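**Student:** Attaching a single structure in structure tokens format; questions to follow.
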Amino acid sequence: MNDQWTTRLSEYIDGELDRTEQAALEAHLATCGQCYATLGELRQVVARAKSLSDTPPATDLWMEIAREIRREKAPARRDRLVRRRFSLTVGQLLAASIALVLLSGGGAWLALQPLASSEPTRFGGSTPRPRVGQVVTWTGHTDAAIADLQTALTQNEKRLDTATVRIVRENLAIIDRAIADARVALQKDPGNAYLNLHLANTMRRKVELLRRVNDMAAARS
Amino acid sequence: MVATLAAAMLVALAPQRQSDTTFAVPAGASLSVNNFGGGIAVHGWSENRVKVHGETGRRGRVEVSLVGNTVVIKTGSREGAPSVIDLDITVPQSMALSLSGTYADITVDGVQGAISAETVNGEVNVRGGKGIVTLHSIQGSVTLADASGRIEVNSVNENVELSNITGEIKVETTNGEVMLTGIKSSSVDAGTINGDVLYEGTVTDGGSYSLGSHNGDITVSVPEGANVTITAATANGDIDSSFPLPMTSTLGKHRKTFKIGSGSARMELESFQGDIQLRRPQELHDRVDRKHKHDEHDNDHDHDKDHDADTDTSFSWALRSVTAYATRYAAAYAPKYAAQYAAQYAPRYARQYSKMYSRQYKTIYRLNTH
Chain A
584 MNDQWTTRLS EYIDGELDRT EQAALEAHLA TCGQCYATLG ELRQVVARAK
634 SLSDTPPATD LWMEIAREIR REKAPARRDR LVRRRFSLTV GQLLAASIAL
684 VLLSGGGAWL ALQPLASSEP TRFGGSTPRP RVGQVVTWTG HTDAAIADLQ
734 TALTQNEKRL DTATVRIVRE NLAIIDRAIA DARVALQKDP GNAYLNLHLA
784 NTMRRKVELL RRVNDMAAAR S
Chain B
5 MVATLAAAML VALAPQRQSD TTFAVPAGAS LSVNNFGGGI AVHGWSENRV
55 KVHGETGRRG RVEVSLVGNT VVIKTGSREG APSVIDLDIT VPQSMALSLS
105 GTYADITVDG VQGAISAETV NGEVNVRGGK GIVTLHSIQG SVTLADASGR
155 IEVNSVNENV ELSNITGEIK VETTNGEVML TGIKSSSVDA GTINGDVLYE
205 GTVTDGGSYS LGSHNGDITV SVPEGANVTI TAATANGDID SSFPLPMTST
255 LGKHRKTFKI GSGSARMELE SFQGDIQLRR PQELHDRVDR KHKHDEHDND
305 HDHDKDHDAD TDTSFSWALR SVTAYATRYA AAYAPKYAAQ YAAQYAPRYA
355 RQYSKMYSRQ YKTIYRLNTH
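Sequences listed follow chains A and B, in order. Quick note, in the numbering used here, the first sequence goes up one by one and the last residue is 804. Quick note, in the numbering used here, the second sequence goes up one by one and the last residue is 374.
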């Protein structure tokens with residue numbers, strides 16, 4: 584996964600690409616399974632982050648940092664300061680990076696929201712809770728990708744025998760019902776982490792099935 | 005007929021209705037078979053030769069060739085529509101296999117190499133396999149037994165069953181059950197949309213187990229003495245255990261967390277419509293035995309595994325803090341995703357946060373210097 588678009592996926596999710604770049608990336612996604620899969624995973628991160636509430640840390644770390652800076656500026660006390668080296672284990676670094684991902688996923692989600700709440704929060708920023716009707720906005724690009732794959736399948740399925748086409752359609756319908764179930768439940772409980780993940784996973788299954796069948800049909804051309 | 009394959013060979017089996025060929029193969033050779041319709045049966049033996057038996061019918065033909073270090077077997081038809089051909093192939097036990105078909109049933113027995121098997125309309129039944137084992141079917145059940153390594157098995161419209169497996173396991177179907185028994189694994193990921201999921205196996209310290217369904221029950225065996233944190237979530241079903249569990253947290257009616265022992269393994273059990281059942285291994289042994297006996301007497305497959313859904317879709321889940329959430333998922337996902345996401349997000353957020361904090365540092369610095 585080293586193509587030029589890999590590092591742009593988060594910007595794509597956050598809606599920060601201009602129209603030309605967005606169109607180019609979407610064209611790339613149609614042909615690059617790894618980027619598409621990565622995008623799906625990033626969206627899952629966003630989905631997980633949707634359930635997070637902005638809870639401040641138990642202690643205000645910045646005050647401690649500021650106090651240390653002041654101490655450092657005071658010559659009389661400087662000799663009492665013990666210089667500390669930050670030494671993090673690999674596990675701590677990994678945990679920190681994942682925490683960053685989750686937080687940035689939350690940022691991405693916030694960026695995705697068309698209307699930010701004006702209610703102030705304890706973090707000083709705005710933390711809009713998803714509202715009914717906004718619940719599944721994060722699925723937009725996946726919906727589009729599924730639509731593209733279904734269009735491709737409609738064109739390709741003539742290469743498949745009718746029994747296979749019937750089975751595939753039946754199973755796509757089963758997945759669609761599961762997606763619909765999850766969406767309805769999410770409308771009633773937008774912040775539910777399990778439901779967001781369940782919807783994301785179910786949509787991923789649909790994408791994978793569509794891709795698999797399209798690949799199978801293409802192999803017979 | 006015994007032949008030694010040199011750089012390349014082509015054997016077009018004679019136009020009899022059946023024929024055999026046996027030939028020696030170089031060490032480390034692999035096998036690739038493509039058969040449009042019929043059957044592919046592969047058996048392992050201790051000899052360093054490959055034996056190919058084909059039931060070709062009147063129009064069918066079988067081509068055998070050596071491409072590089074791979075024995076390639078293809079079927080075709082002398083005229084008209086593709087023929088239905090049954091292949092029975094015997095190979096060295098350690099041979100790696102790549103088997104594919106369209107209307108083909110695939111069976112493998114007694115092979116201890118890597119196995120890839122894929123069909124569209126047909127069953128895949130494999131006993132044995134070591135290393136990377138991937139089995140796929142669209143319309144057909146898939147079973148795997150006595151294998152070890154990295155296992156990936158999926159169907160679309162049928163059941164998937166694994167037994168006596170050691171290694172990393174990923175299993176998926178859409179309209180079928182998932183049954184995993186006799187599993188020794190520290191990594192299991194199994195899911196379906198329409199069907200039950202059953203797991204009977206080890207729960208290894210530090211392991212990761214994820215089992216999910218949309219319309220089915222999740223049943224899991226938890227051995228005594230296991231160290232596992234179980235998160236069970238269901239939208240419309242119940243969570244039930246046959247043994248006492250120490251409750252760690254309850255988030256709403258339908259999501260519970262149990263920490264057993266040190267809790268070092270992570271087990272996530274999720275079903276939208278179905279129940280989640282925690283059982284002791286012996287209970288599941290008995291249940292599986294009863295099911296197998298029942299299946300032997302019941303060939304009427306019912307693919308409608310829907311559960312009646314009640315109307316309770318209310319959730320009252322609230323995750324308490326970013327830190328707790330991040331820590332939890334860091335443990336589960338860090339090894340896989342950290343490098344990928346860190347590379348992706350670090351440059352962007354490093355810039356953003358450096359700007360933000362540099363302003364604050366400057367302010368403090370100014371306050372202290374004036």
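C-beta: ideal position from N, C-alpha, C; glycine also. From a predicted model like this one, the values you see are computed outputs, not experimental measurements.
Drop a sphere of 10 angstroms on the beta-carbon of B/S145, count the other beta-carbons inside from all chains shown, and report buried for 16 or more, exposed for fewer.
**Tutor:** If you number the second sequence from 1, residue 145 of chain B lands on position 141. Per the 10 Å Cβ criterion, buried.
**Student:** Does the ligand SAM have even one heavy atom less than 7 Å from the beta-carbon of B/A121?
**Tutor:** Only the bare structure without any ligand can be found here, which leaves the ligand SAM out of the picture.
**Student:** May I ask you to list the residues that DSSP assigns as paired with B/D150?
**Tutor:** For this step, residue 150 of chain B is matched to residue 146 along the second sequence. BP columns for B/D150 are empty, so no partner.
**Student:** In chain B, which residues lie less than 7 Å from A/L793 when you measure between Cβ atoms?
**Tutor:** Indexing the first sequence from 1 puts residue 793 of chain A at position 210. Going along chain B, no residue has its Cβ under 7 Å from A/L793, so there is no contact; the nearest lies around 12 Å.
**Student:** What does B/A237 touch in chain A if you count any residue whose Cβ is under 7 Å from its own?
**Tutor:** The residue labelled residue 237 of chain B in the question sits at position 233 within the second sequence. Those within 7 Å of B/A237 in chain A are Y777.
**Student:** Which residues, in chain order, does the region 757–768 of chain A contribute to contact with chain B at a C-beta distance below 9 Å?
**Tutor:** Going along the region 757–768 of chain A in chain order, one finds I757, I758, R760, A761, D764, A765, V767 and A768 with a Cβ nearer than 9 Å to chain B.
**Student:** For the region 142–155 of chain B, which residues have a beta carbon sitting closer than 7 Å to at least one beta carbon of chain A?
**Tutor:** Hits within the stretch, in order: I142 and Q143.
**Student:** Could you name the residues of the same chain whose beta carbon sits closer than 6 Å to that of B/E59, not counting the 5 residues immediately before and after it, in chain order?
**Tutor:** Counting from one through the second sequence, the residue named residue 59 of chain B turns up at place 55. Excluding sequence neighbours, B/E59 sits near Q22 and D90.
**Student:** Output needed for B/G32: all residues of its chain with C-beta closer than 7 Å, excluding positions within five of it in sequence on either side, in chain order.
**Tutor:** By 1-based counting over the second sequence, the position of residue 32 of chain B is 28. Answer for B/G32: N73, listed in chain order.
**Student:** Can you check whether the CB of B/I155 is closer than 8 Å to the CB of B/V137?
**Tutor:** For this step, residue 137 of chain B is matched to residue 133 along the second sequence. For this step, residue 155 of chain B is matched to residue 151 along the second sequence. Yes, they are a contact pair.
**Student:** Using a Cβ cut-off of 9 Å, which residues of the region 197–217 of chain B contact any Cβ in chain A, in chain order?
**Tutor:** Those would be I197, N198 and G216, in chain order.
**Student:** Would you mind stating whether B/R65 and B/V29 have Cβ atoms separated by less than 8 Å?
**Tutor:** For the purposes of this step, residue 65 of chain B is taken as the residue at position 61 of the second sequence. For the purposes of this step, residue 29 of chain B is taken as the residue at position 25 of the second sequence. In this structure, B/V29 does not lie closer than 8 Å to B/R65 by Cβ.
**Student:** Counting C-beta neighbours from all protein chains within 10 Å, is the total for A/K741 16 or more, i.e. buried, or is it exposed?
**Tutor:** Indexing the first sequence from 1 puts residue 741 of chain A at position 158. The residue is exposed, with fewer than 16 neighbouring Cβ atoms inside 10 Å.
**Student:** Using a Cβ cut-off of 9 Å, pull out every chain B residue sitting near A/R788, in sequence order please.
**Tutor:** Here residue 788 of chain A refers to the residue found at position 205 of the first sequence. Here the neighbours are E176, T178, G195 and I197.
**Student:** Out of A/N797, A/E791 and A/N775, state which residue places its alpha-carbon closest to the alpha-carbon of B/H258.
**Tutor:** The residue given as residue 258 of chain B occupies position 254 in the second sequence. The residue with the shortest Cα to Cα distance from B/H258 is A/N775.
**Student:** Checking contacts by CB at 8 Å: is A/I729 closer than that to chain B?
**Tutor:** As a working mapping, residue 729 of chain A is identified with position 146 in the first sequence. Cβ-Cβ to chain B under 8 Å: no for A/I729.
**Student:** I'd like to know if B/N39 contacts chain A, where contact means its C-beta is closer than 8 Å to some C-beta of that chain.
**Tutor:** Numbered from its first residue, the second sequence carries residue 39 of chain B at position 35. With 8 Å as the cut-off, B/N39 does not count as an interface residue toward chain A.
**Student:** With 7 Å as the C-beta to C-beta threshold (strictly closer), list the residues of the region 108–127 of chain B near chain A in chain order.
**Tutor:** Per Cβ criterion, the list reads V124 and N125.
**Student:** What does DSSP give as the partner residues of B/K55 in its beta bridges?
**Tutor:** Indexing the second sequence from 1 puts residue 55 of chain B at position 51. For B/K55, which the question treats as bridged, DSSP gives the partners B/T26 and B/T94.
**Student:** Would a check of beta-carbon distances place A/T785 closer than 8 Å to chain B?
**Tutor:** Numbered from 1 along the first sequence, position 202 holds the residue referred to as residue 785 of chain A. So yes, A/T785 belongs to the interface.
**Student:** Can you pull the chain A residues whose beta carbon is under 8 Å from the beta carbon of B/N161, in chain order?
**Tutor:** As a working note, residue 161 of chain B is residue 157 in the second sequence. Per Cβ cutoff of 8 Å: I750, E753 and N754.
**Student:** Quick one, which residues of the region 250–273 of chain B are near chain A if we go by CB-CB under 8 Å, in chain order?
**Tutor:** Within the region 250–273 of chain B, the residues whose Cβ lies closer than 8 Å to some Cβ of chain A are R259, listed in chain order.
**Student:** From this set, A/Q617, A/A768, A/E609 and A/E604, which residue's C-alpha is nearest A/D726's C-alpha?
**Tutor:** Here residue 726 of chain A corresponds to residue number 143 of the first sequence, with the count starting at 1. Among A/Q617, A/A768, A/E609 and A/E604, the Cα nearest to that of A/D726 is on A/E609.
**Student:** Excluding the 5 residues preceding and the 5 following B/R284 in the sequence, name in chain order all residues of the same chain whose CB lies nearer than 8 Å to its CB.
**Tutor:** Counting from 1 along the second sequence, the entry for residue 284 of chain B is found at position 280. Counting only Cβ-Cβ distances below 8 Å, and skipping sequence neighbours, we find S225, V226, P227, E228, S246 and F247.
**Student:** Counting only beta-carbon separations shorter than 8 Å, does B/D312 have a partner in chain A?
**Tutor:** Looking up residue 312 of chain B in the second sequence gives position 308. With a pLDDT of 36 at B/D312, under the threshold of 50, the predicted position of this residue should be treated as unreliable, and no value is reported.
**Student:** Is there at least one Cβ from chain A nearer than 8 Å to B/L14's Cβ?
**Tutor:** Position 10 of the second sequence, counted from the start, is the residue given in the question as residue 14 of chain B. Because B/L14 carries a pLDDT of 45, less than 50, the predicted location of this residue cannot be relied on, and no value is offered for it.
**Student:** B/R65 lies in the alpha helix (DSSP H); which residues open and close that run?
**Tutor:** Indexing the second sequence from 1 puts residue 65 of chain B at position 61. Where B/R65 is concerned, there is no enclosing alpha helix (DSSP H), although the beta strand (DSSP E) it sits in stretches over G64 to V71.
**Student:** Could you tell me which residues DSSP pairs with B/W49 in its beta bridges?
**Tutor:** The residue labelled residue 49 of chain B in the question sits at position 45 within the second sequence. According to DSSP, B/W49 bridges with B/P96.
**Student:** Suppose you measure from the CA of B/T178 to the CA of A/V628; what does that come to, to the nearest Å?
**Tutor:** Here residue 178 of chain B refers to the residue found at position 174 when the second sequence is read from its first residue. Here residue 628 of chain A refers to the residue found at position 45 when the first sequence is read from its first residue. Cα to Cα, B/T178 sits roughly 24 Å from A/V628.
**Student:** Quick one: is B/F27 near chain A, going by C-beta distance under 8 Å?
**Tutor:** Within the second sequence, the letter at position 23 stands for residue 27 of chain B. No, no contact with chain A.
**Student:** Does the CB of A/H611 have a neighbour CB from chain B at under 8 Å?
**Tutor:** As a first step, residue 611 of chain A must be located in the first sequence, where it is residue number 28. Not an interface residue.
**Student:** Consider the Cβ of A/A620: report whether some Cβ of chain B lies at a distance smaller than 8 Å.
**Tutor:** Start at 1 with the first residue of the first sequence, and residue 620 of chain A comes out as number 37. Taking Cβ atoms only, chain B never reaches closer than 8 Å to A/A620, which makes this a no.
**Student:** Look up B/H140 in the DSSP assignment and say whether it is helix, strand or coil.
**Tutor:** Numbered from 1 along the second sequence, position 136 holds the residue referred to as residue 140 of chain B. Strand at B/H140.
**Student:** For a contact meaning CB atoms closer than 8 Å, what does B/F276 contact in chain A?
**Tutor:** Locating residue 276 of chain B in the second sequence gives position 272, counting from the first residue. In chain order: A761, D764, A765, A768 and H781.
**Student:** Below 8 Å, how does it come out for the region 765–781 of chain A and the region 728–743 of chain A: are there three or more Cβ pairs, yes or no?
**Tutor:** No, they do not touch.
**Student:** Could you list which residues in chain B have their beta carbon closer than 8 Å to that of A/A746, in chain order?
**Tutor:** Here residue 746 of chain A corresponds to residue number 163 of the first sequence, with the count starting at 1. Here the neighbours are N125 and Q143.
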